[in-house]
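Number of protein chains: 2
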Amino acid sequence: MARSAEPKEPAPGRAPAPPHGRTPSVKDVAASAGVSLGTVSNVLNKPAAVSAATRERVERAMAELGFVRNESARQLRAGTSRTLAYVMLDGGNPFFHDVARGIESGAEDADLSLFICNSDGRAAREAKHLDRLVQQRVQGILITPVDPSASHLREIGRRGIPLVMVDRLGGTGDCCSVAVDDVLGGRIAIEHLTDRGHERVAFVGGPESIGQVRERLLGARQVWSELGRDAADLIHLPTEALTVAEGRGAGERLAGLPARRRPTAVFCANDLLALGLLQQATAIGMRVPEDLAIVGYDDIEFAAAAAVPLTSVRQPREELGRTAARLVLAEAGDPAHRHEQACFVPELVARASTAAVRHPARKR
Amino acid sequence: MARSAEPKEPAPGRAPAPPHGRTPSVKDVAASAGVSLGTVSNVLNKPAAVSAATRERVERAMAELGFVRNESARQLRAGTSRTLAYVMLDGGNPFFHDVARGIESGAEDADLSLFICNSDGRAAREAKHLDRLVQQRVQGILITPVDPSASHLREIGRRGIPLVMVDRLGGTGDCCSVAVDDVLGGRIAIEHLTDRGHERVAFVGGPESIGQVRERLLGARQVWSELGRDAADLIHLPTEALTVAEGRGAGERLAGLPARRRPTAVFCANDLLALGLLQQATAIGMRVPEDLAIVGYDDIEFAAAAAVPLTSVRQPREELGRTAARLVLAEAGDPAHRHEQACFVPELVARASTAAVRHPARKR
DNA sequence: GATCCTATCTGAAACATTTCAACGCCCCGC
DNA sequence: GCGGGGCGTTGAAATGTTTCAGATAGGATC
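Line by line, the protein sequences are chains A and B. Heads up, the final residue of the first sequence is numbered 377 in the working numbering, and it's a clean run with no missing numbers. Heads up, the final residue of the second sequence is numbered 377 in the working numbering, and it's a clean run with no missing numbers.
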């Protein structure tokens with residue numbers, strides 16, 4: 014019954030089979046190398062304090078036994094883990110994955126692992142994730158919250174766990190945050206469209222409970238009124254969510270408008286909406302950009318990959334993530350840390366979906 | 014200097030400020046409730062063994078102190094963590110996120126957390142992630158490996174950590190795996206195209222070092238020869254990777270073919286390629302499906318959202334993930350576990366990109 | 001009243017690591 | 001020969017939890 018080594022397979026790697034059942038600990042290594050366990054610990058943590066000969070002996074023992082540090086024990090002693098966590102809002106939106114990638118790169122630099130969670134827009138899930146993360150004693154939490162003012166967020170802060178809001182403004186300033194200037198994003202989108210000669214534009218997006226949506230719309234309206242345009246010519250087509258399906262729905266409603274009122278361009282609150290809208294528009298035979306120009310938001314990879322490449326407002330996603338990681342680490346390192354609100358500037362990426370065309374209405 | 018409670022903010026939540034610096038432990042709770050720490054532990058782990066009165070007292074103490082279990086300590090004692098991990102191959106491909114969602118749902122059922130890592134197709138990154146996961150003593154590892162035969166994978170197995178390959182066949186059977194029948198997938202894609210009357214078809218995909226690519230191509234060729242078609246009419250357009258950019262490149266090469274040799278349909282090894290190809294085809298004025306029919310693979314959300322909705326071979330992604338989670342848990346629970354190779358059946362989802370059109374070549 | 005049982009609670013041990021005061025040792029300078 | 005100071009090493013303490021053998025008490029049964 015004893016688990017014998019398979020004779021067929023003569024140790025393919027370097028590490029031999031584990032000594033016996035249990036995975037070896039520092040104690041085993043110490044015994045095998047004939048040193049105290051404090052010395053083994055020193056080899057791991059301050060190798061300079063150990064003589065070369067001893068160090069080598071210990072290292073050989075570790076290799077022979079296939080020793081691997083037990084991170085739980087280390088954490089227990091240290092009081093905190095070597096892990097950051099990012100709780101993202103919508104796992105179906107590539108935007109957040111790009112942000113996550115930025116965070117990961119920041120975490121990597123500090124030699125930390127990154128725990129990625131997905132709240133899927135549901136407060137209960139978010140709370141559950143946060144609960145777990147607190148139990149894990151993560152070193153810091155990055156989050157794009159369902160509701161930035163939720164009580165479970167303040168709870169985290171009260172516990173003294175560094176927390177950074179990502180892509181949301183920290184509001185009252187009781188935590189760090191990184192965000193992009195959404196009002197400005199709305200402005201440049203509309204400026205781009207008016208530059209292209211559009212006089213009747215729709216803003217597609219909702220619900221307005223989402224700060225981003227509110228601000229992008231606000232920016233749009235600001236420019237519109239500054240240009241002295243009639244507010245009635247900037248239509249708001251609300252959606253229930255920022256998804257492809259909702260974008261299609263908005264496309265249908267757009268098509269249903271009487272020709273007089275129908276806009277020649279739309280500005281969508283994100284790229285998913287824009288892609289859905291583009292699809293619907295194409296399906297009913299509208300040409301983009303000739304009949305309808307479209308501007309999206311986020312500049313996700315699929316925006317550039319659309320059949321008609323999508324003009325979009327790009328956010329510096331990875332940098333957003335990297336900065337967030339930097340802030341959370343700064344807060345973790347320095348107790349006297351002042352909360353910081355980083356705000357990035359969005360940038361318009363013009364593509365075919367708003368290419369300059371002599372507009373039919375003007376041409377004739 | 015003492016950190017006094019802010020007078021402005023009269024305890025917004027229920028939990029009062031932590032007692033003093035340190036986060037409270039079971040010992041603190043025990044002291045505060047006037048019981049032994051064993052009892053506190055029982056309240057947490059086997060509440061039935063504690064009298065109602067005591068339990069309530071302890072629970073009140075926990076609430077008052079804002080006690081949160083320390084997961085590291087729990088893990089240390091238990092010898093293993095309450096965490097699964099998924100190392101995905103390509104964070105930029107929504108397919109893997111859907112798989113991850115399935116895994117998460119499986120993990121959720123077992124009340125485990127899921128650690129999501131991204132190897133980004135790089136073996137070194139993958140090895141680093143695995144290293145960390147072993148240090149964390151995760152309960153099991155799910156992985157879509159860069160190279161299924163890599164030595165660091167066998168290492169994991171030798172350590173006795175349950176490992177399940179996702180979307181890859183376990184090959185020699187020395188670990189569990191879940192996969193989808195890619196040969197069959199290739200077959201149904203080609204059958205669909207030949208049903209639609211196409212007589213010259215291209216397979217776009219590569220590199221062939223990827224098992225999926227090889228098998229989908231194999232399935233395609235099988236059907237082709239079974240139908241008695243000339244092998245020269247099933248062109249293989251190789252790509253360097255399964256990305257949108259490579260899809261665009263393939264589109265260019267396709268357009269460059271002399272009209273006689275140009276296929277009327279393509280079967281792409283995944284949806285990213287198909288989307289890139291669709292974009293390029295549209296850009297140069299080819300109509301889809303009239304001039305070129307396209308079949309993708311994976312049926313990611315963006316396939317349905319494309320301007321011309323993409324016909325695609327759907328894999329049961331979430332189920333793949335859920336099954337993988339189930340297998341890894343089975344292996345973790347039962348040491349005498351027999352490795353299992355789960356194989357799912359793909360399914361064709363027909364959309365506009367291969368809609369039946371009277372094909373020009375036949376019409377005239 | 002002794003015995004047994006059950007329900008409840010206790011205290012110490014164990015888990016793997018890091019830290020730290022202390023120790024032995026050797027060499028240097030006096 | 002002795003004090004002093006590095007250097008390298010040691011052993012014990014501490015971290016927060018779970019587990020488990022025992023302790024205690026309160027009934028019920030004989």
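We treat Cβ as the ideally placed atom computed from N, Cα and C, and that holds for glycine.
- Query: Under the rule that 16 or more other beta-carbon atoms within 10 Å means buried, what is I297 (chain B), buried or exposed?
  - Reply: One-based indexing of the second sequence puts residue 297 (chain B) at position 284. I297 (chain B) comes out exposed.
query: DSSP on I116 (chain B), reduced to helix/strand/coil?
result: In the second sequence, the residue the question calls residue 116 (chain B) occupies position 103. Three-state result, I116 (chain B): helix.
Can you pull the chain A neighbours of Q152 (chain B), defined as C-beta to C-beta under 7 Å? For the purposes of this step, residue 152 (chain B) is taken as residue 139 along the second sequence, with counting starting at 1. Think of a sphere of 7 Å around the beta carbon of Q152 (chain B): no beta carbon from chain A falls inside it, the nearest being about 12 Å out.
Rounded to a whole number of angstroms, what is the C-alpha to C-alpha distance between V279 (chain A) and F216 (chain A)?
One-based indexing of the first sequence puts residue 279 (chain A) at position 266. One-based indexing of the first sequence puts residue 216 (chain A) at position 203. Between the C-alpha atoms of V279 (chain A) and F216 (chain A) there is a straight-line separation of about 6 Å.
Report task. Just tell me which of B:V81, B:P359, B:L250 and B:T336 has its CA closest to the CA of D41 (chain B). Result -> Here residue 41 (chain B) is taken as the residue at index 28 of the second sequence, counted from 1. Nearest neighbour of D41 (chain B) by Cα position, chosen from B:V81, B:P359, B:L250 and B:T336, turns out to be B:V81.
I want to verify the contact list: residues of chain A whose CB lies under 7 Å from the CB of D128 (chain B), in sequence order. By one-based count along the second sequence, residue 128 (chain B) stands at place 115. In the sequence as displayed, the identity of residue 128 (chain B) is Phe instead of Asp. Within chain A, the C-beta atoms nearer than 7 Å to that of F128 (chain B) come from F128, in chain order.
inquiry  = Does the structure place the region 128-135 of chain B close enough to the region 94-108 of chain B that three or more beta carbon pairs sit under 8 Å?
reply    = Yes, they touch.
Could you check if N106 (chain A) is buried or exposed, using at least 16 other CB atoms within 10 Å of its CB as the buried criterion? As a position in the first sequence, residue 106 (chain A) is number 93, starting the count at 1. When all chains shown are included, N106 (chain A) counts as buried.
query = Exposed or buried, which one is L6 (chain A) when buried takes at least 16 other CB atoms within 10 Å?
reply = Here chain A covers residues 14 to 377 and nothing more, so residue 6 (chain A) does not appear.
**Asked** Going along chain B, which residues have a C-beta under 8 Å from Q148 (chain A)?
**Response** In the first sequence, residue 148 (chain A) corresponds to position 135, counting from 1. In chain order: V81, R82, N83 and E84.
task: Give me the Cα-Cα distance between P25 (chain B) and L166 (chain A), rounded to the nearest whole angstrom.
output: For the purposes of this step, residue 25 (chain B) is identified with residue 12 of the second sequence, where counting begins at 1. For the purposes of this step, residue 166 (chain A) is identified with residue 153 of the first sequence, where counting begins at 1. Because P25 (chain B) carries a pLDDT of 35, less than 50, the predicted location of this residue cannot be relied on, and the following value inherits that uncertainty. If you take the alpha carbons of P25 (chain B) and L166 (chain A), they lie about 12 Å apart.
**Q.** Limits of the beta strand (DSSP E) - the one that A98 (chain A) falls within
**A.** If you number the first sequence from 1, residue 98 (chain A) lands on position 85. That run of the beta strand (DSSP E) goes T96 to M101.
Worksheet item: For the 8 Å Cβ check, are there 3 or more pairs between the region 217-224 of chain B and the region 238-253 of chain B?
Response: Segments in contact, yes.
For G153 (chain A), the residue or residues it bridges with in DSSP:
For the purposes of this step, residue 153 (chain A) is identified with residue 140 of the first sequence, where counting begins at 1. Listed as beta-bridge partners of G153 (chain A) by DSSP are A:L97.
- Under the three-state DSSP convention, the category D124 (chain A) falls into: For the purposes of this step, residue 124 (chain A) is identified with residue 111 of the first sequence, where counting begins at 1. Assignment of D124 (chain A) by DSSP, reduced to helix, strand and coil, places it in the coil class.
* Backbone CA spacing between V56 (chain A) and G119 (chain A) [nearest angstrom] -> By one-based count along the first sequence, residue 56 (chain A) stands at place 43. By one-based count along the first sequence, residue 119 (chain A) stands at place 106. Near 27 Å, if we compare the C-alpha coordinates of G119 (chain A) and V56 (chain A).
For the alpha helix (DSSP H) containing S164 (chain B), name the first residue and the last one. Working through the second sequence from its first residue, we reach residue 164 (chain B) at position 151. For S164 (chain B), the enclosing alpha helix (DSSP H) starts and ends at S164 to R171.
Notebook entry, point to check: Starting from V42 (chain B) and walking both ways along the alpha helix (DSSP H), at which residues does that stretch end?
Noted result: Mapped onto the second sequence, residue 42 (chain B) falls at position 29. Residues V39 to A46.
Partners in chain A for H110 (chain B), counting only beta-carbon separations shorter than 8 Å
In the second sequence, residue 110 (chain B) corresponds to position 97, counting from 1. The answer, in chain order, is G104, G105 and H110.
Does the Cβ-Cβ distance between D111 (chain B) and E331 (chain B) come in under 9 Å? Locating residue 111 (chain B) in the second sequence gives position 98, counting from the first residue. Locating residue 331 (chain B) in the second sequence gives position 318, counting from the first residue. The criterion of a C-beta distance shorter than 9 Å is satisfied by D111 (chain B) and E331 (chain B).
Excluding five sequence neighbours on each side, which residues of the same chain lie with their C-beta closer than 7 Å to the C-beta of L50 (chain A)?
As a position in the first sequence, residue 50 (chain A) is number 37, starting the count at 1. Excluding sequence neighbours, L50 (chain A) sits near V39, K40 and A43.
*asked:* How far does the beta strand (DSSP E) with R364 (chain B) in it extend, from its first residue to its last?
replied: For the purposes of this step, residue 364 (chain B) is taken as residue 351 along the second sequence, with counting starting at 1. Segment: none, R364 (chain B) is in no beta strand (DSSP E) and carries neither H nor E.
Which first and last residues belong to the beta strand (DSSP E) in which R327 (chain B) is found?
-> Stepping through the second sequence from its first residue, residue 327 (chain B) is reached at position 314. Under the DSSP assignment, R327 (chain B) falls in the beta strand (DSSP E) whose first and last residues are T324 to R327.
- Does the Cβ of A316 (chain B) have 16 or more other Cβ atoms within 10 Å, making it buried, or fewer, making it exposed? Here the question's residue 316 (chain B) lines up with position 303 in the second sequence. With 16 or more neighbouring CB atoms inside 10 Å of its own CB, A316 (chain B) falls in the buried class.
Identify the residues that DSSP records as bridge partners of Q354 (chain B): which are they? Position 341 of the second sequence, counted from the first residue, corresponds to residue 354 (chain B). According to DSSP, residue pairing for Q354 (chain B) in a beta bridge involves B:S190.
> Is the beta carbon of V362 (chain A) sitting closer than 9 Å to the one on R339 (chain A)?
Replying inline: In the first sequence, residue 362 (chain A) corresponds to position 349, counting from 1. In the first sequence, residue 339 (chain A) corresponds to position 326, counting from 1. One thing to note: V362 (chain A) has its Cβ no nearer than 9 Å to the Cβ of R339 (chain A).
>> Our contact map puts S85 (chain B) next to Q88 (chain A) with C-beta atoms below 8 Å; I'd like the distance itself, whole angstroms only.
In response: For this step, residue 85 (chain B) is matched to residue 72 along the second sequence. For this step, residue 88 (chain A) is matched to residue 75 along the first sequence. Their Cβ separation, rounded to whole angstroms, is 4 Å, which keeps S85 (chain B) and Q88 (chain A) in contact under 8 Å.
Problem - Own chain partners of L231 (chain A) with C-beta closer than 7 Å, once the 5 adjacent residues on each side are dropped - result: Locating residue 231 (chain A) in the first sequence gives position 218, where the first residue counts as 1. Taking C-beta separations shorter than 7 Å and ignoring five residues to either side along the sequence, the partners of L231 (chain A) in its chain run V196 and G199, following chain order.
>> Run through the DSSP bridge pairs and tell me what G309 (chain A) is partnered with.
In response: Residue 309 (chain A) sits at position 296 when you count from the first residue of the first sequence. G309 (chain A) is bridged to A:S325.
ask   = Beta-carbon separation of C189 (chain B) and L206 (chain B) under 9 Å?
value = By 1-based counting over the second sequence, the position of residue 189 (chain B) is 176. By 1-based counting over the second sequence, the position of residue 206 (chain B) is 193. No.
_Let's test the definition: count the other Cβ atoms within 10 Å of the Cβ of D284 (chain A) and tell me whether it reaches 16, buried, or not, exposed._
The residue given as residue 284 (chain A) occupies position 271 in the first sequence. Looking at its Cβ environment, which holds 16 or more other Cβ atoms inside 10 Å, D284 (chain A) is buried.
Original post:
Using the beta-carbon of each residue, which ones in chain B are nearer than 8 Å to E314 (chain A)?
Top reply: Here residue 314 (chain A) refers to the residue found at position 301 of the first sequence. When 8 Å is used as the limit between beta carbons, E314 (chain A) is near these residues of chain B: G105 and V257, in chain order.
Margin query: Could you check whether V308 (chain A) and L288 (chain A) sit closer than 9 Å to each other, using their CB atoms as the reference points?
Written below: Taking the first sequence and counting its residues from 1, the one referred to as residue 288 (chain A) is at position 275. Taking the first sequence and counting its residues from 1, the one referred to as residue 308 (chain A) is at position 295. Cβ distance not < 9 Å, so L288 (chain A) and V308 (chain A) don't count as in contact.
**Prompt:** Do we get a CB-CB distance below 9 Å when we pair R327 (chain B) with the residues of chain A?
**Reply:** The count along the second sequence starts at 1 and reaches residue 327 (chain B) at position 314. Taking a beta-carbon distance threshold of 9 Å, R327 (chain B) does not count as an interface residue toward chain A.
Query raised in the report: From A:S126, A:L127, A:R150 and A:A62, pick the residue whose C-alpha is nearest to that of R90 (chain A); which is it?
Result: Translated into positions along the first sequence, residue 90 (chain A) becomes position 77. Taking only the C-alpha atoms, the option nearest R90 (chain A) is A:R150.
- Please compile the residues from chain B whose C-beta is within a distance smaller than 8 Å of the C-beta of S94 (chain A). For this step, residue 94 (chain A) is matched to residue 81 along the first sequence. For S94 (chain A), the C-beta contacts it makes with chain B under 8 Å involve S85, in order along the chain.
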